[in-house]
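Before any comments, here is the structure.
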Amino acid sequence: MTNTRDDLAWRVGGPQGSGVDTAAGIFQRACAIGGLNVFGRREYYSNIMGRHSYFDVRVAKRPVHIHRDRPQLLTTFETESLSRHATSVIEGGALFYAAKDVEATVEGVTYLDPRAKADLTAYLEERDLPATMSGLLEDARRRGVQTYEADYEQVVQLLADNLGVPQALAGRTMNTLAVAMSLALVEYQRKYVYAALEKTWPGKQKIIDLNIAAVDLAYEFVRDAYDTSDFAYRLEPGDSKKPCILLNGNQAVAMGKIAGGMTFQSYYPISPATDESVYLEAHETFPTTNGDRGSVLVVQTEDEISAVCMAAGAALTGARSATATSGPGFALMAEGLGWAANNEVPLVVTLYQRGGPSTGLPTRTEQGDLWFALNCGHGEFPRIVMASSDLDDAFFDAADAFNYADRYQMVVVHILDKSLSSKTMTVPPYDVQKITIERGEIVTPDPDTEVFPRFAVTESGISPRPLHGTPGGMHWLTGGEHTPFGRVTEDPVVREAQMEKRMRKMETAAREIPVDEKLRVYGDPEAEFTILSWGSNKGGILEAIERLADDGVSARLVQVRIMSPFPKTELAELFASAKPLVAVEANFSGQLAQVLRQHTGVTCDHLVVKYNGRPFSGRELYEAFTAIHAGTDEEKLVIRNPNE
Amino acid sequence: MTTATEERKLTAKDFQVPFPNDWCPGCGDFGILNSVQQAFARLGLEAHKVAVVGGIGCSGKAPYYFPVYGVHTLHGRLLPFAQGIKLANPEMTVVGVGGDGDGLGIGAGHFVNAGRRNLDMTYILFNNAVYGLTKGQAAPTLALGLQTKSLPGPNIQGQLNPLMMAMSVGFTWIGRGYSYNVKKVTDLIVAAIEHRGLSFLDILQPCPTYNNLHTKDWYAGKDLVSGQPRIYWLDDTDYDPVVPEGADDAVLSAKASAFMARAHEWGAEIPAGVFLDNRSTSSFADRIETRIENYRAEPPHRREIADAAGKPTADLSEMFDEVRMS
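And the structure:
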């Protein structure tokens, strides 16, 4: 079992704007500084203030790649968090609740959805319990969950009195108090919490001092007020000598783009892509190995149409250019992508998927845009479509995307999802020198050349490319079909030659891109039980595979990383021995499974899908795989979790 | 703006191409094309440092008729493409060319937001009040109630005023020309390109095929009792378009009022020439340089991103330090 004392899942919830993220940040930093591996999952509403958000933080001595949907420890300040999460706390776990809320009713929780209220009321009724916080707490106690009452107001008052500061000021430490009470409960060393405060408010000594006082008070309060002997979890530090950074998916992509030499990014604000561009803008200049100051120019445009066209324009001059967006913005970019592809412009689009269609679930995760990324745009054009599985991938793929774009003079769609963009993890600082920058066939023509054949027909399909501004490189570009010089034409023979030349680049890319970049196999490579997946599902699948191994079942994951050109030969070979073949996707239809069938004729035996906007957990997948192994005749297993 | 170092004096011929032109005979586009070619020659531009960026429609084809980096983009999108080129390579002279439907209909959002940025480039509007290439539908510049010959009835949508729109969104040089006056239009294009900031030149032009109202004869005032041409030139009046560097709000406000009075004139007397030459507003490159000091010295298009071995020059240690935990 993994529910050991060095693998702790903590959840904190609260209204947006109340500092849930700050609390989670302090908790994660305290653990990371103490040398533990950290995984964080953030769930939030499309709302600025008041709606419920929560953060799952899982820490362990070994690397962790996925959250737990059943936390051991839950911290709440108010009724909505208690209502939503109390029933999820695992047997033997613990929760903190606010003393003032005990008699509050489930019905009275403002933003709790009517469906959730009805379900919770029925759940409590079945157990002869009132639909109140005290009913929920009694249910928790019956399930062996320790419930710790916290009179937060009293603690804040005590802090104000101790320090002689106004209560309002002391009240700002509420999140620190809550984090510190949780960490005190698991007897985690206080010095790491202090260090986390310094990382949270660098240089702001007054705030740090105030929060240190709050930490001390919380540790004393927990020692004096609670009997902690029935809560079995104790958190020991790990190896704090090992270099580590704590970052999220948006940051990993932004850093990868900078390492990969991107000098231009345009964007229009959209969740969950915006944070990447904001990070880039905040880090628009940086040191370089040649002693200069490097830079990336970030431009906020009027819409995504402008974002993609502007990035394409910049790319014509030789700047490595990209734009970042999510589904609705990507939909607006379709025409611009077609233009860029027709003119063989190296252009990277980072696509953070969220729940669709239309506005859908703007802050929730989904993998519903694979078909769209593969097929968007009218007419036919070549493109690279790649998907990252975790933060390491996100960093290196973000850099590699520019190499593919330059080498094949193609549009590259780099797909991530909301789950990956907002997940936080401790990772070793990336070795930037592992990246090699390849600019492809950029040419410096004889300066006396009057017109350059930019779209010369070649065997590989790739034509030497003069950058805008180069003497002798003048040519035309057009959304129309064109001659090798870029002049519009409707001649049938020239049309065929140009169409064939463009599409030939796909064959060249398919031939040249190494198999290890196209797909990766995890688990037991010889196993028959085969899971096909893509994107950020990997973390949950790997945990499920480990648990299957504990049960004596060996399984493997085939993670597809490049969907265009689709690795059909490689996959057909791998799947010849697959029994059963199970696709795992965070969408309704099993989009990758259908693409596989389209290219190879191979049909998956089972489909495990989840489309409620929340990521798969290891437990959910383990249970689905176990059912499949036991011979379920269900072809499509839908993972549902009403408590997320 | 970039000038040739060659000693030979350039002529319009240096900016012509040996390809047939498929505009209708008598099209106003020819006058504009001729003027742009003459302006490029007069400015002594080097062809490889010029990008002409067009939209969709008859006017959008103009880039094909210059031996420069000619970019025929998407309907309404010429400004985003043009800005991308200019932002990444500020050493290029970038000229946008497009129609009134392209820029003020489908591309209106880009027109508005380009004004807010004020890049150092030029946008020339080919304004004939109709969508020519799709056979004569009403453009946003066609007045309410008018019926050009392809319309099944009088126009029931209102007209927008491109000059007013350009001023309100921040274009810092605004002019108007008339396509058959090549000499004046050439002067205006030279001034527009020389202006340090975003220039907007509205060029009135007949569409002999689809606009039977705003014809060459109409502009010549043949329907008027006076028989005088409708176009008059602001440089023949005491109008002063210049907002000097460092001008205060009072000056700007006075200039705006004078501008509006002229920009609203239409009918028997239509003003043309330079409406606004605002030298008091920073260009986008100036603003970028407040954040990225070496933006002009090392612009995005030629920043050294890799060393001789192809290894990244970016040093991420500062970024890693911000999130370093141990």
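These protein sequence lines are chains A and B, in that order. Take the first sequence: its position 118, counted from the start at 1, is 126 in this note's numbering, and no numbers get skipped. Take the second sequence: its position 72, counted from the start at 1, is 1511 in this note's numbering, and no numbers get skipped. We put the CB at the ideal spot given by N, CA and C, even for glycine.
Q. Beta-carbon separation of methionine 482 (chain A) and alanine 1490 (chain B) under 7 Å?
A. Along the first sequence, one-based indexing puts residue 482 (chain A) at 474. Along the second sequence, one-based indexing puts residue 1490 (chain B) at 51. In this structure, the beta-carbon distance from methionine 482 (chain A) to alanine 1490 (chain B) does not fall below 7 Å.
Q: On the DSSP bridge assignment, give the partners of threonine 296 (chain A) in chain order.
A: Position 288 of the first sequence, counted from the first residue, corresponds to residue 296 (chain A). Threonine 296 (chain A) pairs with B:Ala1753.
**Q.** CA-to-CA distance, leucine 1755 (chain B) to methionine 263 (chain A), given in whole angstroms
**A.** Taking the first residue of the first sequence as 1, we reach residue 263 (chain A) at position 255. Taking the first residue of the second sequence as 1, we reach residue 1755 (chain B) at position 316. Taking the Cα positions, methionine 263 (chain A) is about 7 Å away from leucine 1755 (chain B).
**Q.** Given serine 54 (chain A) as reference, the closest of A:Asp499, A:Leu16, A:Lys212, A:Pro280 once Cα atoms are compared
**A.** Sequence index remark: in the first sequence, residue 54 (chain A) carries index 46 (1-based). Selected option, being the one with the closest Cα: A:Pro280.
Q) Given that a residue counts as buried once 16 or more other Cβ atoms are within 10 Å of its Cβ, and exposed if not, what is phenylalanine 104 (chain A)? A) Here residue 104 (chain A) is taken as the residue at index 96 of the first sequence, counted from 1. Classified as buried, phenylalanine 104 (chain A) has 16 or more neighbouring CB atoms from the shown chains inside 10 Å of its CB.
Q: Pair every Cβ in the segment 292–301 of chain A with every Cβ in the segment 233–240 of chain A, then say whether three or more of these pairs are closer than 8 Å.
A: Output reads no: the segment 233–240 of chain A does not touch the segment 292–301 of chain A.
Q: Just mark aspartate 1641 (chain B) as buried or exposed, buried being the case when its beta carbon has 16 or more other beta carbons within 10 Å.
A: Walking along the second sequence from the start, residue 1641 (chain B) turns up at place 202. It counts as buried.
(Q) Is tyrosine 1617 (chain B) close to the ligand MN? I mean its beta-carbon at under 6 Å from any heavy atom of the ligand. (A) As far as ligands go, the structure on display features none, and thus does not contain the ligand MN.
**Q.** Residues of the segment 1735–1758 of chain B with Cβ closer than 9 Å to any Cβ of chain A, in chain order
**A.** For the segment 1735–1758 of chain B, which is checked against every Cβ of chain A, the residues closer than 9 Å are Glu1737, Pro1738, Pro1739, His1740, Arg1741, Arg1742, Glu1743, Ile1744, Ala1745, Asp1746, Ala1748, Gly1749, Lys1750, Pro1751, Thr1752, Ala1753, Asp1754, Leu1755, Ser1756, Glu1757, Met1758.
Q) Taking 7 Å as the CB-CB limit, is leucine 359 (chain A) close to chain B? A) The sequence position of residue 359 (chain A) within the first sequence is 351, counting from 1. Leucine 359 (chain A) does not count as touching chain B.
Q: Would you list the residues sitting across from methionine 433 (chain A) in a DSSP beta bridge?
A: For this step, residue 433 (chain A) is matched to residue 425 along the first sequence. When beta bridges are read from the DSSP output, methionine 433 (chain A) appears opposite A:Phe47, A:Leu255.
Q: Return no unless some Cβ of chain A is closer than 7 Å to the Cβ of valine 1509 (chain B).
A: Here the question's residue 1509 (chain B) lines up with position 70 in the second sequence. Checking the sequence, you will find glycine at residue 1509 (chain B) rather than valine. Judged by the 7 Å Cβ criterion, glycine 1509 (chain B) is in contact with chain A.
Q | Residues near alanine 1834 (chain B) in its chain [Cβ-Cβ closer than 8 Å; skip 5 each side] | A | Here chain B covers residues 1440 to 1765 and nothing more, so residue 1834 (chain B) does not appear.
Q: Below 6 Å CB to CB, which residues in the same chain sit around tyrosine 658 (chain A) once its five sequence neighbours on both sides are set aside?
A: No statement about residue 658 (chain A) is possible, as the shown extent of chain A runs from 9 to 652 and does not include it.
(Q) Residues in the same chain with beta-carbon distance under 8 Å from serine 541 (chain A), minus the five sequence neighbours each way, listed in chain order, please. (A) What you label residue 541 (chain A) is simply residue 533 of the first sequence in a count that begins at 1. Within the same chain, and ignoring the five residues on either side of serine 541 (chain A) in sequence, the residues whose Cβ sits closer than 8 Å to its Cβ are Ile549, Leu565, Val566, Gln567, Val568, Ala591, Val592, Glu593, Leu600.
**Q.** Cβ of histidine 422 (chain A) within 7 Å of any chain B Cβ
**A.** In the first sequence, residue 422 (chain A) corresponds to position 414, counting from 1. So no, histidine 422 (chain A) is outside the interface.
Q. With respect to the alpha helix (DSSP H) encompassing proline 336 (chain A), which residues constitute its N-terminal and C-terminal limits?
A. By one-based count along the first sequence, residue 336 (chain A) stands at place 328. Counted as a single uninterrupted DSSP element, the alpha helix (DSSP H) harbouring proline 336 (chain A) occupies residues 335–340.
Q | Backbone secondary structure at glycine 1706 (chain B) - three-state DSSP | A | Taking the second sequence and counting its residues from 1, one reaches residue 1706 (chain B) at position 267. Correct three-state label for glycine 1706 (chain B): coil.
(Q) Tell me the rounded alpha-carbon separation between glutamate 352 (chain A) and tyrosine 1508 (chain B). (A) Position 344 of the first sequence holds residue 352 (chain A). Position 69 of the second sequence holds residue 1508 (chain B). Going from the Cα of glutamate 352 (chain A) to the Cα of tyrosine 1508 (chain B) covers about 15 Å.
Q: Return the bridge partner residues of methionine 1764 (chain B) from the DSSP annotation.
A: What you label residue 1764 (chain B) is simply residue 325 of the second sequence in a count that begins at 1. Answer is none; methionine 1764 (chain B) lacks a bridge partner.
**Q.** Three-state secondary structure (DSSP) of lysine 249 (chain A)
**A.** Along the first sequence, one-based indexing puts residue 249 (chain A) at 241. DSSP places lysine 249 (chain A) in coil when its eight states are reduced to three.
Q) Going by C-alpha distance, which of A:Ala330, A:Ala339, A:Asn383 is nearest threonine 358 (chain A)? A) Within the first sequence, numbered from 1, the residue matching residue 358 (chain A) stands at position 350. It is A:Ala330.
Q. Anyone know if the C-beta pair for alanine 376 (chain A) and asparagine 595 (chain A) falls short of 7 Å?
A. Taking the first sequence and counting its residues from 1, the one referred to as residue 376 (chain A) is at position 368. Taking the first sequence and counting its residues from 1, the one referred to as residue 595 (chain A) is at position 587. Note on residue identity: the sequence assigns glycine, not alanine, to residue 376 (chain A). The answer is yes: Cβ separation under 7 Å.
Q) Does DSSP classify serine 427 (chain A) as helix, strand or coil? A) For this step, residue 427 (chain A) is matched to residue 419 along the first sequence. For serine 427 (chain A), the three-state secondary structure derived from DSSP is helix.
Q: Could you tell me whether the segment 1582–1591 of chain B touches the segment 1686–1693 of chain B, using the rule of 3 or more Cβ pairs below 8 Å?
A: Not touching, per the Cβ criterion.
(Q) Could you check whether the Cβ of valine 1534 (chain B) sits closer than 7 Å to any Cβ belonging to chain A? (A) Within the second sequence, numbered from 1, the residue matching residue 1534 (chain B) stands at position 95. So no, valine 1534 (chain B) is outside the interface.
Q) Can we say the segment 1501–1516 of chain B touches the segment 258–273 of chain A, given the rule of at least three CB pairs closer than 8 Å? A) Two segments are said to touch when three or more pairs of C-beta atoms, one from each, lie closer than 8 Å; by this definition the segment 1501–1516 of chain B does not touch the segment 258–273 of chain A.
Q: Could you check the C-alpha separation between aspartate 311 (chain A) and proline 354 (chain A) for me, to the nearest Å?
A: For the purposes of this step, residue 311 (chain A) is identified with residue 303 of the first sequence, where counting begins at 1. For the purposes of this step, residue 354 (chain A) is identified with residue 346 of the first sequence, where counting begins at 1. Going by the C-alpha atoms only, they are around 21 Å apart.
Q: Look up arginine 391 (chain A) in the DSSP assignment and say whether it is helix, strand or coil.
A: As a working mapping, residue 391 (chain A) is identified with position 383 in the first sequence. DSSP, read as helix, strand or coil, puts arginine 391 (chain A) in strand.
Q) Going along the segment 1703–1732 of chain B in order, which residues come within less than 8 Å of chain A, judged by CB to CB distance? A) Taking a C-beta cut-off of 8 Å against chain A, the contacting residues of the segment 1703–1732 of chain B are Ile1727, Arg1730, Ile1731, Glu1732, listed in chain order.
Q: Measure the CB-CB distance between proline 586 (chain A) and alanine 563 (chain A) and report whether it falls below 7 Å.
A: Within the first sequence, numbered from 1, the residue matching residue 586 (chain A) stands at position 578. Within the first sequence, numbered from 1, the residue matching residue 563 (chain A) stands at position 555. Note on identity: in this sequence residue 586 (chain A) is alanine, with proline being the wrong assignment. For the pair alanine 586 (chain A) and alanine 563 (chain A), the CB atoms are not nearer than the 7 Å cut-off.
(Q) Within 10 Å of its beta-carbon, does serine 1618 (chain B) have 16 or more other beta-carbons around it, so buried, or fewer, so exposed? (A) For the purposes of this step, residue 1618 (chain B) is taken as the residue at position 179 of the second sequence. It is buried - the Cβ of serine 1618 (chain B) has at least 16 other Cβ atoms within 10 Å.
Q) Are the segment 1471–1479 of chain B and the segment 459–474 of chain A touching, with three or more C-beta to C-beta distances below 8 Å? A) Result no; under three Cβ-Cβ pairs closer than 8 Å.
Q. Just curious, the alpha helix (DSSP H) that alanine 204 (chain A) is in, first and last residue?
A. For this step, residue 204 (chain A) is matched to residue 196 along the first sequence. Alanine 204 (chain A) -> alpha helix (DSSP H) spans 198–208.
Q) Would methionine 341 (chain A) be called buried (16 or more neighbouring beta carbons within 10 Å of its own) or exposed? A) Counting from 1 along the first sequence, the entry for residue 341 (chain A) is found at position 333. Note on methionine 341 (chain A): 16 or more other CB atoms within 10 angstroms of its CB, so buried under the neighbour-count rule.
Q: Could you spell out where the alpha helix (DSSP H) holding proline 1601 (chain B) opens and where it closes?
A: As a working mapping, residue 1601 (chain B) is identified with position 162 in the second sequence. In the DSSP annotation of this structure, the continuous segment of the alpha helix (DSSP H) that includes proline 1601 (chain B) starts and ends at 1601–1608.
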